[in-house]
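Presented below is the structure to which this report refers.
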Amino acid sequence: MVHAQLTFFDGAMTSDTPIAIGFESAPVVLAGEKANLAYNAVCGTRAGEYPDPDLSAVDSVTAACLDVVRAVAPEQLAHAEPVARTSALWTAHAFPHLRLDTPSMIASTMLNTALFLHDDGVDDARWAHDPSAAERVRALDELNATILRAFRSDRSPDVDPGDAGDPGDAGDPDQPRLKVVFGLLREVIALYCAHLPRWHARKGVFIGFLKEYFDACEWYARELAASATWPVDRTTFLFQREFLGAGNMMFELAALLGDVDVPPDRQDLLEVRRFRQAATYAAVWGNDVMGLERDIEGGGPCNLALILHGEGGLTLQEACTEVMARQNREGLEVLRLAEYLDDRYPDLKGYTRAVRTVLEGNFRAFPLTPRYRLRAGPRIRGVRTGTPR
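This is the structure we're talking about:
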């Protein structure tokens, strides 16, 4: 297959110019091998489409999240503060047409904080070397099932750790992180029920995508705990990563927050499913390179650059370049499929716009957050495409 050659440029852009976010990190080092991280992430959007988010409420919404933490597990405040701030910044950028200090956006920030904390208990290398791994897998299964029951019933999940175990630390009888996750989700459910107009009518689709993410987390944990090797093969990793990325859930949340109607007969169209997949891959492959230093330090195996480096015979620099080439292709596919869907199904225009806004917001937000250690903030660049001769 011949792929388009991309050229990135600064300066004046027209309204039909595809855009990318340029980012740069300090060099990363793995086993003495260095890679320079200076790449461009294609956003699936065009110049002028993205509204500037209002970030004035980031501090107050972060504080609202920490008030919940303080009430249920104050010893977790130091750990939760950068996670909550990352969530506030990401939520503001992913849904920039809404004020961050509205109840539904505060709830969405709390949801993302809870999911980041949940993810911290799953995405680490200890599953492969921990004698208590089987207990941790059981704890993860029960934790996820408890959360899904709470969302389905619109009841507040109990913060009593006797109901489920913390997969991140199954040996801690107090399980403070679990208390934080449940405390935040209790607020999320209450706020969505009260303030999100289509929540009751549409929550089944959201919960289905939440379960999809949880199922992927459990699959990953079981395989790594059983074999001490993950992924078993690259094809399995690529399939699984689509769901570990949680993109479908965030895209549905964008539709709910924006009051965007997605006709039921459109939700599972193959073109729509591929559109969501491309948007998820565009996000996670870019995040893998932007967050490479953090993943090297944490030892988490869920990073395509590390897999290509470890199994594909590539240098670390070559692996990063290959991952970003994949990101660029998926970002352009998002734009191509959006144009196709908008033309064939005009009632999907609001949805394709919402998904693409989340993708651009993801790349605008992460260079500003403490979770990703980038040297420079987001740099908006134009993209030119051409076919190699």
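In the numbering used here, the protein residues as written are 387 to 775.
For glycine and all other residues, C-beta sits at the position ideal for the given N, C-alpha and C.
Quick caveat, the model's predicted, so the values are computed rather than measured.
So what does residue i bridge to, in DSSP terms?
{"i": "W771", "result": "Checking the sequence, you will find Thr at residue 771 rather than Trp. BP columns for T771 point to L392."}
{"i": "I405", "result": "G768"}
{"i": "V428", "result": "A406"}
{"i": "L416", "result": "E419"}
Any idea what DSSP makes of residue i, helix, strand or coil?
{"i": "F541", "result": "Here residue 541 turns out to be Arg, not Phe, going by the sequence shown. Residue state, collapsed to three classes: coil."}
{"i": "V574", "result": "helix"}
{"i": "V648", "result": "coil"}
{"i": "L463", "result": "helix"}
{"i": "A525", "result": "helix"}
{"i": "V670", "result": "helix"}
{"i": "N748", "result": "helix"}
{"i": "D619", "result": "coil"}
{"i": "T743", "result": "helix"}
{"i": "C579", "result": "helix"}
{"i": "Y436", "result": "coil"}
{"i": "Y606", "result": "helix"}
{"i": "D654", "result": "coil"}
{"i": "T532", "result": "helix"}
{"i": "A480", "result": "helix"}
{"i": "C706", "result": "helix"}
{"i": "D729", "result": "helix"}
{"i": "P687", "result": "coil"}
{"i": "G696", "result": "helix"}
{"i": "T755", "result": "coil"}
{"i": "L441", "result": "coil"}
{"i": "G677", "result": "coil"}
If contacts are defined as beta-carbon pairs under 8 Å, then residue i and residue j qualify, I think. What distance do you get, rounded to the angstrom?
{"i": "L596", "j": "M636", "result": "At roughly 10 Å, the Cβ-Cβ gap does not stay under 8 Å, so L596 and M636 are not in contact."}
{"i": "M496", "j": "V574", "result": "5 Å"}
{"i": "E719", "j": "A664", "result": "4 Å"}
{"i": "N570", "j": "C451", "result": "Here the sequence assigns Leu to residue 570, which means Asn is not the residue at that position. Contact holds; Cβ gap of about 7 Å."}
{"i": "L624", "j": "V566", "result": "Not confirmed; about 32 Å, so no contact."}
{"i": "G717", "j": "A427", "result": "7 Å"}
{"i": "L690", "j": "W671", "result": "6 Å"}
{"i": "L745", "j": "A669", "result": "6 Å"}
{"i": "T499", "j": "L486", "result": "So it is not a contact: roughly 13 Å between Cβ atoms."}
{"i": "L475", "j": "T707", "result": "28 Å between Cβ atoms; not a contact."}
{"i": "G747", "j": "P482", "result": "6 Å"}
Within 10 Å of its beta-carbon, does residue i have 16 or more other beta-carbons around it, so buried, or fewer, so exposed?
{"i": "S401", "result": "exposed"}
{"i": "D681", "result": "buried"}
{"i": "D560", "result": "Annotation note: pLDDT 47 at D560 (below 50); position unreliable, no value reported."}
{"i": "G772", "result": "exposed"}
{"i": "F629", "result": "buried"}
{"i": "S473", "result": "buried"}
{"i": "S494", "result": "buried"}
{"i": "S446", "result": "exposed"}
{"i": "Q713", "result": "buried"}
{"i": "E683", "result": "exposed"}
{"i": "E679", "result": "buried"}
{"i": "V415", "result": "exposed"}
{"i": "D674", "result": "buried"}
{"i": "T743", "result": "buried"}
{"i": "H479", "result": "buried"}
{"i": "L734", "result": "buried"}
{"i": "G430", "result": "buried"}
{"i": "T666", "result": "buried"}
{"i": "R432", "result": "buried"}
{"i": "Q626", "result": "buried"}
{"i": "A398", "result": "exposed"}
{"i": "Q462", "result": "buried"}
{"i": "R750", "result": "buried"}
{"i": "A740", "result": "buried"}
{"i": "P649", "result": "exposed"}
{"i": "F592", "result": "buried"}
{"i": "G590", "result": "exposed"}
**OP:** Mind the definition here: the stretch 715-735 touches the stretch 437-444 only if three or more C-beta pairs lie below 8 Å; say whether that holds.
**Re:** no
Subject >> the stretch 619-628 / the stretch 525-532 touching (three or more Cβ pairs under 8 Å) >> reply: no
Subject >> At least 3 beta-carbon pairs within less than 8 Å: the stretch 471-490 vs the stretch 577-591 >> reply: yes
**OP:** Spell out a yes or no on whether the stretch 653-667 and the stretch 685-702 are touching, meaning 3 or more CB-CB pairs, one atom from each, closer than 8 Å.
**Re:** no
Subject >> Contact between the stretch 641-651 and the stretch 606-613 (3+ Cβ pairs under 8 Å) >> reply: no
Original post:
Are there three or more Cβ pairs, one per stretch, closer than 8 Å when the stretch 407-426 is compared with the stretch 465-480?
Top reply: no
Subject >> Stretch pair the stretch 453-466 + the stretch 401-416: three plus CB contacts closer than 8 Å >> reply: no
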